[in-house]
Amino acid sequence: MKHLRELDKAYEPSKYEADIYKQWEDSGAFKPNPQATKDPFTIIMPPPNANGDLHAGHAMYVVEDILTRYRRMQGHKTLWLPGTDHAGIETQVVYERELAKEGKSRFDFTPGEFYDAVLTYTKGNQHKIIDQLRSLGFSADWSRLKFTLDEDIIEVVYDTFKQLHDDGLVYRANRIVNWCPRCNAAFADIEINHREQLDPLYYIKYGPFVLATVRPETKFGDTAIAVNPKDERYKHLIGTVIEAEGLLGSFKLNVIGDDYVNPDFGTGVVKVTPAHDPNDWEMGLRHQLEVKQVIGTDGRLTEIAGKYAGMAAADARTQVASDLEVRGLMDHVDMNYSHSVAYHGRCGTLIEPLVTEQWWLAVDELKQPAIEAVKSGAIQIVPARFEKVYIDWLENLRDWNISRQIWWGIRIPVFYRLGDDESKKPYLVTTDEAEAREYYGEGNYEAETDTFDTWFSSSQWPFATLMATGDFDKGFYPTTVMETGRDILFQWVSRMVMLGLYRTQQVPFRTVYLHGLVNDAHGKKMSKSKGNVLNPLDITAKYGTDALRLALTIGITPGNDGALSEAKIEGYRNFCNKLWNVARFILGQLPDGYSPAYLSSPGPIEGSGPAGIPELNSPADHWMAVKLADAIDNVTAAVEDYRFSEAGEQLYSLLWNDFADWYLEASKVSPSHDLLVYGLETILSLVHPVAPFVTEAIWSHLPWRTEQLIVSGWPNASRTNVDPTAAADFDRLMSVISGVRAVIADEQLSKPVLLTTQPRLTDSADVVRKMAGLSEVKLTAEGRGLFVPTSHYEVWIEADEALIDARKHRLEAQRAEKQGYLQGLEAKLTNSRYLESAPEAVVAETRSRRDDTLMLISKLDEQLAALNR
RNA sequence: GGGCAAUUAGCUCAGUUGGUUAGAGCGCUGCAUUCACAUUGCAGAGGUCACAGGUUCGAGUCCUGUAUUGCCCACCA
């Protein structure tokens with residue numbers, strides 16, 4: 003095995019990443035370890051679109067990898083189960099675009115042929131996204147990869163549907179839905195976007211009334227006129243029938259009173275068109291109004307519109323408006339009316355609300371347990387503020403339309419009766435056509451062509467996947483954490499809870515961790531049109547995968563959007579390089595055949611052997627041992643608490659400030675090989691979940707290590723060998739060194755001599771001399787020179803009288819500053835309410851700071867007195 | 001219309017139950033250097049924590065209000 007010192011001066015990720023990933027996977031490290039003794043830990047990966055490309059959002063799955071790697075190192079039986087999504091309408095739209103290039107449409111195929119073609123297309127593409135996810139170092143168990151249209155998944159979805167139907171929670175009904183004429187399908191409210199826009203508001207004469215509408219073309223579907231029952235202008239007309247002149251001759255309408263009508267809007271009169279407006283539909287239900295469909299599923303007017311039949315709705319609108327004008331039925335038009343209009347979120351087509359027959363899932367019974375699960379704490383949402391949002395949404399949830407008239411999806415397992423044999427049920431829920439044939443007889447039935455809303459099947463993903471892989475009964479369910487984007491809290495998370503509880507009587511996951519959006523360097527949303535999109539793969543190629551992972555971990559908090567910039571990523575690339583060079587330096591120090599002594603006894607790195615802490619010699623050793631133990635505790639606590647950013651920051655400063663800048667430099671004077679190695683190994687272990695590649699690459703060059711880091715143990719803090727006094731000694735040396743460096747930098751001195759009256763300091767003279775850039779540290783009886791203020795040692799930098807005199811004002815300034823600080827502390831300590839109320843530890847802290855400050859001031863006074871002598 | 005978040009250094013952001021003289025990275029200034037690392041080291045400048053009140057011995061942190069920005073939900077024809 004080669005020593006790192008023979009390797010590159012800089013870490014080159016591309017040389018290592020692919021090989022390391024292969025070794026991990028080939029060794030079976032991604033699979034649940036059957037020997038693991040601790041509880042199973044499960045994460046189900048939110049399935050990315052099988053036809054999609056990796057974007058920054060997917061890179062946020064790094065949170066899942068951190069958790070998985072952390073639990074694996076701790077000895078849990080970990081399963082991170084990956085999958086891909088057929089992404090219903092999204093993929094169908096993409097594929098239809100492909101077809102359009104060849105001048106074809108889906109109507110050139112039967113639904114079955116179309117499905118097969120898209121399936122082939124999808125299966126051919128899916129390796130791309132999987133390879134991309136793997137390149138991010140994700141330690142998911144790819145041998146268990148599931149696809150949302152796998153037969154075993156579909157089977158579970160069918161079972162759920164059947165159970166829901168048997169329980170009376172699924173029904174078929176005619177309702178007003180959001181109809182997309184382009185997709186020729188209905189969509190849920192949540193899939194609709196509203197856009198504010200200007201449209202003409204037409205004031206039309208209806209017999210005795212003038213009323214305002216933006217949709218004159220739907221007037222042929224009017225089945226009432228509504229006014230507010232409290233409206234003095236019109237209340238006497240409620241219950242009467244008006245007769246009015248229209249474009250298709252005269253017509254009669256009932257006048258109804260309904261609180262929905264706002265007397266202050268327009269003329270306070272509304273035409274009611276239950277077939278084409280959700281609010282009118284509701285009014286229609288309240289008043290048992292007739293539903294007359296004017297616009298068909300193709301977006302064109304029906305025969306009811308007489309001579310306007312066949313016209314596209316938008317064309318009909320202008321035509322009707324102008325005809326009304328000509329006939330003198332238009333009172334006036336307001337051209338400055340701004341309102342919000344519904345568009346299909348996926349394809350951007352104007353939504354046409356209309357009445358169609360759909361499959362509905364009754365949610366009232368399902369949502370209560372889902373609300374309770376979060377209220378009771380059975381499910382914890384991180385960050386917690388989303389718990390309220392979740393509960394509010396569910397409480398207002400209405401029955402869910404789960405059928406879609408799209409072809410790329412799971413066909414709803416229903417066969418309908420043909421003919422009018424009333425002795426047979428109108429439909430049969432079964433996946434088995436033979437059953438339908440037997441029941442209805444050959445030729446007397448037809449299969450449903452609608453498919454399930456993608457969210458209906460994906461809401462079953464946690465248990466469906468585990469059932470399909472055979473892991474469901476092996477302790478992997480309920481899963482531990484669901485990590486996903488906060489933007490799909492409603493669409494996905496809430497529904498997973500509903501259906502998970504329904505189907506398994508258990509929560510699908512115990513914790514929901516929500517990440518925010520990944521924005522650009524200035525916190526702006528990434529978009530192709532803005533040209534500010536950072537492609538994760540470009541970044542990893544340039545800076546290494548670990549750099550990206552660190553950049554998405556540090557400075558990003560749950561539920562909040564984070565900013566990603568090349569400068570930030572570059573900084574973490576440098577961090578990886580720092581780690582690499584620290585390792586290179588340490589390994590270069592070690593004698594041939596070295597193996598750390600602590601490995602031979604059980605110890606701090608759990609599961610892999612070492613015991614206690616290596617022998618500690620210098621103050622620096624004790625100090626470093628404390629820093630390491632503290633970091634282990636803090637990082638562990640932070641990860642347990644989903645505070646990954648804090649964990650990352652701790653590690654960053656542990657490596658760079660504590661270990662590299664202080665300990666390694668100090669160790670150059672008196673190296674302790676075992677502690678250098680122990681420190682390195684501890685840091686590698688702690689950093690591994692976030693930056694797995696560079697840590698594993700270094701680990702593979704530790705000659706005494708044979709197992710991979712990915713399956714080695716998580717460190718345990720141990721302070722057994724630590725002498726706190728010795729550790730504190732190093733803190734004092736550090737403050738001397740920093741103080742001296744500052745004076746040297748200020749005065750541009752070159753290798754001056756340091757004088758001290760304290761023998762204890764000269765014990766560590768070499769460290770101080772080397773680290774502070776001195777030529778010598780001398781013990782003297784009485785010091786004179788540039789006084790370096792520290793609270794524990796009296797030290798002076800040798801200098802000529804002119805310089806000493808010139809710096810005198812700095813001592814005075816320092817004294818004044820300390821004096822001000824002291825006053826603040828004294829004020830607290832003479833305040834009896836502070837002494838009574840503040841915790842003892844806080845008061846003790848204040849006292850000790852007061853004492854230190856007093857001591858420093860008296861030293862400064864002495865120095866100033868001596869200078870003035 | 002309702003709700004949520006954000007507002008802390010030039011920029012991007014941390015800041016766990018209130019308790020050091022408020023932090024990091026980048027950027028900036030000065031110096032150093034090639035003996036682990038210039039993807040480096042050392043030193044430094046830079047903030048009345050959006051604003052106004054309040055609670056408290058003590059507020060970036062808790063409460064009330066205001067402003068600005070962003071997001072979510074609802075959808076008065």
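So the first sequence is numbered by this note's numbering: it starts at 3 and just counts up by one.
In this text, a Cβ means the ideal position worked out from N, Cα and C, and glycines have one as well.
This structure is a prediction, so every number in the text was calculated from the model and none was measured.
If we count the other Cβ atoms within 10 Å of its Cβ and call it buried at 16 or more, is MET285 buried or exposed?
buried
Distance, Cα to Cα, THR785 vs LEU805?
Note that residue 785 corresponds to Gly in the displayed sequence, not to Thr. Each residue's Cα considered, the two are about 15 Å apart.
Nearest to GLU92 by CA position, among TYR310, GLY298, HIS341 and TRP457, is which residue?
The shortest Cα separation from GLU92 among TYR310, GLY298, HIS341 and TRP457 belongs to TRP457.
Taking only runs that begin and end inside the segment 230-309, name each unbroken beta strand (DSSP E) of 3 or more residues, in chain order.
243-248, 251-259 and 271-274
Which of the three DSSP states, helix, strand or coil, is assigned to ILE799?
strand
Within the continuous alpha helix (DSSP H) that includes THR542, where are the two ends?
Annotation: the continuous alpha helix (DSSP H) that includes THR542 extends over 538-545.
Quick one: complete beta strand (DSSP E) runs, 3+ long, within the segment 164-201?
With a minimum length of 3 residues, the unbroken runs of beta strand (DSSP E) contained wholly in the segment 164-201 fall at 172-182 and 187-189.
If contacts are defined as beta-carbon pairs under 8 Å, then TYR823 and THR792 qualify, I think. What distance do you get, rounded to the angstrom?
Contact flag wrong, Cβ pair sits at about 15 Å.
State yes or no: is the C-beta of GLU424 within less than 8 Å of the C-beta of LEU331?
Their beta carbons are not under 8 Å apart, which means GLU424 does not touch LEU331 by this criterion.
Among ILE571, ALA774 and ASP152, which one has its Cα closest to the Cα of ALA747?
Of ILE571, ALA774 and ASP152, the residue nearest in Cα terms is ALA774.
Taking 8 Å as the threshold, find out whether the segment 198-213 comes into contact with the segment 175-183 through three or more Cβ pairs.
Result no; under three Cβ-Cβ pairs closer than 8 Å.
Within the same chain, show all residues whose beta-carbon is closer than 6 Å to that of ILE373, passing over the 5 residues directly before and after it, in chain order.
ILE393 and LEU396
List the DSSP bridge partners of GLY564.
VAL520
Take every Cβ of the segment 534-542, pair it with every Cβ of the segment 500-517, and state whether three or more of those distances are shorter than 8 Å.
no
Return helix, strand or coil for LEU827, following the three-state DSSP convention.
For LEU827, the three-state secondary structure derived from DSSP is helix.
Just verifying my parser: in three-state terms, what is the DSSP assignment at SER1?
In the structure as shown, the chain starts at 3 and stops at 871, and residue 1 therefore has no counterpart that could be examined.
Counting along the chain, where does the beta strand (DSSP E) carrying HIS346 start and finish?
332-346
Quick check: the Cα distance between SER29 and ARG74, rounded to an integer number of angstroms?
14 Å
Could you tell me the distance, in whole angstroms, from the CA atom of PHE732 to the CA atom of ASP663?
Going by the C-alpha atoms only, they are around 14 Å apart.
DSSP on LEU704, reduced to helix/strand/coil?
coil
In the DSSP assignment, what are the bridge partners of LEU405?
What sits at residue 405 in the sequence shown is Ser, not Leu. BP columns for SER405 point to PHE454.
Quick one: measure Cβ to Cβ for LEU399 and TRP181, integer angstroms, because I've assumed they're closer than 8 Å.
In fact, because the Cβ distance is near 21 Å, the residues do not count as touching under 8 Å.
What's the gap between the Cα of GLY609 and the Cα of TRP716?
Confidence is the limiting factor: at GLY609 the pLDDT is only 46, short of 50, which leaves the residue's position unreliable, though a coordinate-based value still follows. Using only the alpha carbons, I get a separation of about 8 Å.
On the criterion of 16 or more Cβ atoms from any shown chain inside 10 Å, does GLY301 qualify as buried, or is it exposed?
buried
Buried or exposed: which applies to PHE109, given that a residue is buried once 16 or more other Cβ atoms fall within 10 Å of its Cβ?
exposed
Residue range of the beta strand (DSSP E) that GLU959 falls in?
Residue 959 falls outside the range modelled here, since the chain spans only 3 to 871, and no answer is possible.
Using the rule of at least 16 other Cβ atoms within 10 Å of the residue's Cβ for burial, across every protein chain shown, is GLN37 buried or exposed?
exposed
Within the chosen definition, does the segment 40-51 reach the segment 465-480 through at least 3 CB pairs nearer than 8 Å?
The answer is yes - the segment 465-480 touches the segment 40-51, with three or more Cβ pairs under 8 Å.
Could you check which residue in TYR479, GLU27, ASP21 and TRP463 has the C-alpha nearest to that of THR150?
TRP463
Rounding to the nearest angstrom, what Cα-Cα distance links VAL391 and ASN562 in this structure?
Whole-angstrom Cα-Cα distance: 15 Å.
Using DSSP's beta-bridge definition, name the partner residues of TYR515.
VAL384 and GLU485
Taking DSSP as the reference, what is the three-state secondary structure of THR638?
helix
Near ASP336, what residues of its chain come up, given a Cβ to Cβ distance below 6 Å and the 5 sequence neighbours on each side ignored?
LEU203
With a threshold of 16 other CB atoms inside 10 Å of the CB of LYS1, please say whether the residue is buried or exposed.
The structure shown does not extend to residue 1, since the chain is modelled only from 3 to 871, so the question has no answer here.
Is LEU468 helix, strand or coil by DSSP?
helix
Determine the contact status of PRO183 and VAL322, defining contact as a CB-CB distance below 8 Å.
no
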